[in-house]
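Chains as they are written, first to last, in this note's numbering: chain A, 4 to 391; chain B, 683 to 853; chain C, 249 to 396. Positions of the beta carbon are idealized from the N, C-alpha and C atoms, including for glycine. For clarity, every value in this text was computed on a predicted model and none was experimentally measured. Report on one structure; see the data block that follows.
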Amino acid sequence: MEEPEFFQLYVEGERVVDADVRLSYNHRGMEKRCETLTYDQIPLLLARICGICSASHPMACANALEDLCGIEAPPRAQYLRTIICELERIHSHLLWVGLAGHFIGYNTVFMWAWRYREPVLDLFERFTGNRNHYENFKLGGVRRDIPQEAIPEILQAVDDVEKPTLMLTRAVLDDPVLGVRLKGIGILSEDDARRYCVTGPTARGSNLPIDVRRDEPYAAYGWVDWNVVSQPQCDVFAKAVVRLLETLESIKIIRQCLQKMEPGEIDNEPRSIPEGEGIGHAEAPRGETFHYVRSDGTNYPLRYKARAPTFVNLPSFKASVIGAELADAMLIVAAMDPCYSCTERMAVVDRGRNLEGLLTTKDLLQLSHEKTARLLKHHGIRPPQWES
Amino acid sequence: MDREHLVRQIDNDLGAKLADLAKRGPKRVYLTVEPQHSLEVNRYLYERGGRLATATGVDCPDWIEVCYHYCFDALNVVVTVKARAYKPACELDAVARVFPGAAFIEREIQDLLGVKFIGHPDPRRLILADDWPEGVYPLRRDYCHETHTNTGRAISPDHGRARVLSALRRG
Amino acid sequence: MNWKVWGLSKSPWVYHVNVGACNNCDIEILDCLTPRFDIERFGMVLVPTPRHADALLVTGGVTRQARPRLQEVYRQAAKPCIVLCIGACACSMGIFADCYHMAGPPDKVIREVDPNAIIAYVPGCPPKPEAIIAGAVKALQHTVKALS
């Protein structure tokens, strides 16, 4: 994936000694634009902060606006919101597994994982009108309902996703090469995770079990049984495990929501916005989305702040990549699951020899694949059957 | 410790330094501070386990209000510190001095609102383009959209509505 | 028919460049590679450098920071090169048209460098992989016909 980010890695020999990043390529100016949009229009704009968090930003927006107004959406709307958010988590984590596989050199994993996302995207298209950017969340509820007759179809699609996810999870946990390739690299210590204020699987894979869905339950998360998944090892492997096990929890949540959901209203249709302020957050696949709104009582916000999880997770790259081998740099970035795959361009500066060269994605991919091949050879392990 | 306890502690320990302490429901607390106390109050919350979710800069008539939002995940409460950076200098002590999680967001507020964070370890431009003019802060109320953007068109809150109405009038 | 046009018609190499997209169009483009859509049956290959590209897949409305980069990528691409604007933002900046950090839609930015650039548009937010493939195939067929 080609996201416009510019990383600068300073190396001595093969080891990274410092890292920097230049943002701005994706900055469009949405917060300012929100000041000239009505509260009904804002979720539609915010969905497009990021393609894969296109339910999470409108969810946080609805939470913030409902905090401002002091209201709650009706129960059926809360269940519908939860179902959409968890389906998004499933397809986002599968996407990540595919990309991670691609970076390591397991292209079959990439093809599989992305193929198994498709039924989820089909479901979205069927029930919200679009594979991505669902336009479903609003202040007070949701815009579209799911007919009761459709529930068996959704349950079937969820079953269809569960089997390959279980298979991928077992494959990752058992594969000797993945263990050797991913364990012990890109370590973000628990202390550093706290100091950088990271969230999501980046935090939960570094022994910080924080999750907005449990810490400040919104939608229907407080009404169903599920577990926060966290791992203590702090490395890239831990973050992969967190994402895979979370996908299985998401499946659990969706099944319970579909079971418990009763017919009813889906929109409270609030008619006025008071003066004041509101805060709303949601757990996106990448971490916490955090929104703040300040209102002067008119139909347009005085100020709207939307913070994506990658903005807080990205600086922690500095802590996790220093000391790592260049061949692992892409994987370490991927472990944060940035709202974009920021490996389009990395500039590598060799401090020792005072040389600067621009490495492309292809170069870094090659380095990563070469390392995988070396490890396979060194440990006398054959590549998995599905890769040959 | 529960959140009531936390709020009482904040009141006891910091009360004199707060211009205001407001509770908006059980999960939202807003503290207002004068600039000279901002660093101390931020440090207090961080050291008691607050996770800085982000900070919001708001352009107010006489100051820029920088709201630092701390989530106390285990207690289900968000405590916001509203620090006033008075115009025209708009200066605050950089919270990035205390922990690196504040570094990026302070750089962003510096770019978009022109607040100067004193002692920031890395005060470079973060979010605006290399060719964006110095001294132009897009999130300020007096920012002029026509002069600085590609469309050269004024954007006002009823921009969309006016466009639709004029199209309807044209028939 | 010269060899370049022949290449375009048989096995177009495409380079993907994101100049400020939310990533959804990028994901749908990558989706085209997966077995369900399988862009490779048309001989289309994603290449890692614009120098080898017959077509540029541009996503996103161009942000100010990305503008010089897009122009540089276009200059590097061997001509003739088709620019495919994928998605509403690439067609017209979409809902970001009035945001302060936008430099313009990709077609305007590229025409500053080459007023005769060949540009095709695939609208959608995001366009489905089927739409992207259909748009790419149509644009290539038109171009090959026009050039030969």
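For A:T346, collect the residues of the same chain with a Cβ closer than 7 Å to its Cβ; drop the 5 residues on either side in sequence, then sort them by chain order. Within the first sequence, numbered from 1, the residue matching residue 346 of chain A stands at position 343. A caution first: A:T346 carries a pLDDT of 40, below 50, which makes its placement in the model too unreliable to give a value.
Interface residues of chain C facing B:P820 [CB-CB closer than 9 Å]: In the second sequence, residue 820 of chain B corresponds to position 138, counting from 1. Those within 9 Å of B:P820 in chain C are Y348, H349.
Supposed close pair B:D744, B:L795 - CB separation, criterion 8 Å: Within the second sequence, residue 744 of chain B is the residue found at index 62, counting from 1. Within the second sequence, residue 795 of chain B is the residue found at index 113, counting from 1. Going by Cβ atoms, the distance from B:D744 to B:L795 rounds to 14 Å, so no, they are not a contact pair.
Whose C-beta lies closer than 7 Å to the C-beta of C:V253 among residues of the same chain, with five residues either side of it excluded? Sequence index remark: in the third sequence, residue 253 of chain C carries index 5 (1-based). The beta carbon of C:V253 is closer than 7 Å to those of V392, L395, S396 in its chain, skipping five residues each way along the sequence.
With DSSP run on the structure shown, which of helix, strand or coil describes A:D21? Walking along the first sequence from the start, residue 21 of chain A turns up at place 18. Residue state, collapsed to three classes: strand.
Which residues in chain B sit within 7 Å of A:E291, going by Cβ to Cβ distance? Taking the first residue of the first sequence as position 1, residue 291 of chain A is located at position 288. Those within 7 Å of A:E291 in chain B are A735.
I'd like to know if the region 312-319 of chain C and the region 344-355 of chain C are in contact, where contact means that at least 3 CB-CB pairs between them fall below 8 Å. yes
CA-to-CA distance, A:L305 to B:V818, given in whole angstroms: Your numbering for residue 818 of chain B matches position 136 in the second sequence. Your numbering for residue 305 of chain A matches position 302 in the first sequence. C-alpha separation (whole angstroms): 20 Å.
Examine chain B for any beta-carbon lying closer than 7 Å to the beta-carbon of C:G268, and answer yes or no. One-based indexing of the third sequence puts residue 268 of chain C at position 20. Answer no: the Cβ-Cβ gap between C:G268 and chain B never drops below 7 Å.
With C-beta atoms as the reference, is C:F285 less than 7 Å away from C:P377? Here the question's residue 285 of chain C lines up with position 37 in the third sequence. Here the question's residue 377 of chain C lines up with position 129 in the third sequence. Yes; because the gap between Cβ atoms is below 7 Å, this pair is in contact.
Give the straight-line distance between the Cα atoms of B:I692 and A:E34, rounded to the nearest whole angstrom. As a position in the second sequence, residue 692 of chain B is number 10, starting the count at 1. As a position in the first sequence, residue 34 of chain A is number 31, starting the count at 1. Going by the C-alpha atoms only, they are around 31 Å apart.
Cβ of B:T831 less than 7 Å from any chain C Cβ? Within the second sequence, residue 831 of chain B is the residue found at index 149, counting from 1. Output row for B:T831: interface = yes.
Straight-line Cα distance separating C:P298 from A:A80: The count along the first sequence starts at 1 and reaches residue 80 of chain A at position 77. The count along the third sequence starts at 1 and reaches residue 298 of chain C at position 50. Rounded to the nearest angstrom, the two C-alpha atoms are 47 Å apart.
Taking A:R173 and C:P283 to be in contact with their CB atoms under 8 Å, please state how far apart those CB atoms are, rounded to whole angstroms. Your numbering for residue 173 of chain A matches position 170 in the first sequence. Your numbering for residue 283 of chain C matches position 35 in the third sequence. Going by Cβ atoms, the distance from A:R173 to C:P283 rounds to 22 Å, so no, they are not a contact pair.
Where A:T292 falls: helix, strand or coil (DSSP): Residue numbering aside, residue 292 of chain A sits at position 289 when the first sequence is read from its first letter. Annotated three-state conformation of A:T292 is strand, per DSSP.
Run down chain B in chain order and give the residues with a C-beta less than 8 Å from the C-beta of C:G352. Within the third sequence, residue 352 of chain C is the residue found at index 104, counting from 1. The answer, in chain order, is N832.
Segments of 4+ residues assigned as alpha helix (DSSP H) that fall wholly inside the region 310-396 of chain C: If we require 4 residues or more, the alpha helix (DSSP H) runs fully inside the region 310-396 of chain C come out as 315-324, 336-340, 354-359, 377-395.
Starting from A:R172, trace the alpha helix (DSSP H) both ways and give me its first and last residue. Here residue 172 of chain A refers to the residue found at position 169 of the first sequence. In the sequence on display, residue 172 of chain A carries Thr and not Arg. Where A:T172 is concerned, the enclosing alpha helix (DSSP H) stretches over 154-177.
Quick one: which chain B residues come within Cβ less than 7 Å of A:K141? Mapped onto the first sequence, residue 141 of chain A falls at position 138. Neighbours of A:K141 on chain B: none; closest Cβ ~17 Å, over 7 Å.
Pair every Cβ in the region 133-143 of chain A with every Cβ in the region 268-285 of chain A, then say whether three or more of these pairs are closer than 8 Å. The region 133-143 of chain A is in contact with the region 268-285 of chain A.
For A:D43, decide whether its Cβ has a neighbour in chain B, counting only Cβ atoms nearer than 7 Å. As a working note, residue 43 of chain A is residue 40 in the first sequence. No, its Cβ sits nowhere closer than 7 Å to a Cβ of chain B.
Positions along the region 778-804 of chain B whose CB lies within less than 7 Å of some CB in chain A: F781, P782, G783, A785, F786
Under a three-way DSSP split, which group does A:K141 fall into? The residue labelled residue 141 of chain A in the question sits at position 138 within the first sequence. Here A:K141 sits in strand by DSSP.
So for A:R36, helix, strand or coil by DSSP? As a position in the first sequence, residue 36 of chain A is number 33, starting the count at 1. Three-state DSSP puts A:R36 in a helix.
Contacts that C:Q313 makes with chain B (C-beta to C-beta distance below 7 Å): What you label residue 313 of chain C is simply residue 65 of the third sequence in a count that begins at 1. Within chain B, the residues near C:Q313 are A811, D812.
Would DSSP call A:E252 helix, strand or coil? Taking the first residue of the first sequence as 1, we reach residue 252 of chain A at position 249. The answer is helix: DSSP assigns A:E252 an H, G or I state.
DSSP three-state assignment for A:A376, whether helix, strand or coil: Against the first sequence, residue 376 of chain A aligns to sequence position 373. Looking at A:A376 - three-state DSSP - the assignment turns out to be helix.
In this structure, what does DSSP give as the bridge partners for B:A737? Here the question's residue 737 of chain B lines up with position 55 in the second sequence. DSSP lists B:Y750 as partners of B:A737.
Own chain partners of B:A756 with C-beta closer than 8 Å, once the 5 adjacent residues on each side are dropped: As a working mapping, residue 756 of chain B is identified with position 74 in the second sequence. Correct list, in chain order: G731.
Please return the same chain residues whose Cβ sits closer than 8 Å to the Cβ of C:V385, not counting the five positions on each side in sequence. As a position in the third sequence, residue 385 of chain C is number 137, starting the count at 1. The residues are F290.
Stretch pair the region 294-305 of chain A + the region 102-117 of chain A: three plus CB contacts closer than 8 Å: no
Just the C-alpha distance for A:K321 and B:A785, rounded to the nearest angstrom, thanks. The residue labelled residue 321 of chain A in the question sits at position 318 within the first sequence. The residue labelled residue 785 of chain B in the question sits at position 103 within the second sequence. One C-alpha to the other measures close to 12 Å.
Reference A:I254, options A:G326, A:W229, A:F314, closest by Cα: As a working mapping, residue 254 of chain A is identified with position 251 in the first sequence. That would be A:W229, whose Cα lies nearest to the Cα of A:I254.
Output yes or no for whether 7 Å exceeds the beta carbon distance between C:C337 and C:G309. As a working mapping, residue 337 of chain C is identified with position 89 in the third sequence. As a working mapping, residue 309 of chain C is identified with position 61 in the third sequence. Yes, they are a contact pair.
Measure the Cβ-Cβ separation of B:C749 and B:V760 and say whether it is below 7 Å. Taking the second sequence and counting its residues from 1, one reaches residue 749 of chain B at position 67. Taking the second sequence and counting its residues from 1, one reaches residue 760 of chain B at position 78. Not closer than 7 Å, so no.
Restricting to Cα atoms, I'd like to know which of B:K709, B:R822, B:I800, B:I791 is closest to B:R807. Along the second sequence, read from residue 1 onward, the residue named residue 807 of chain B stands at position 125. Among B:K709, B:R822, B:I800, B:I791, the Cα nearest to that of B:R807 belongs to B:I791.
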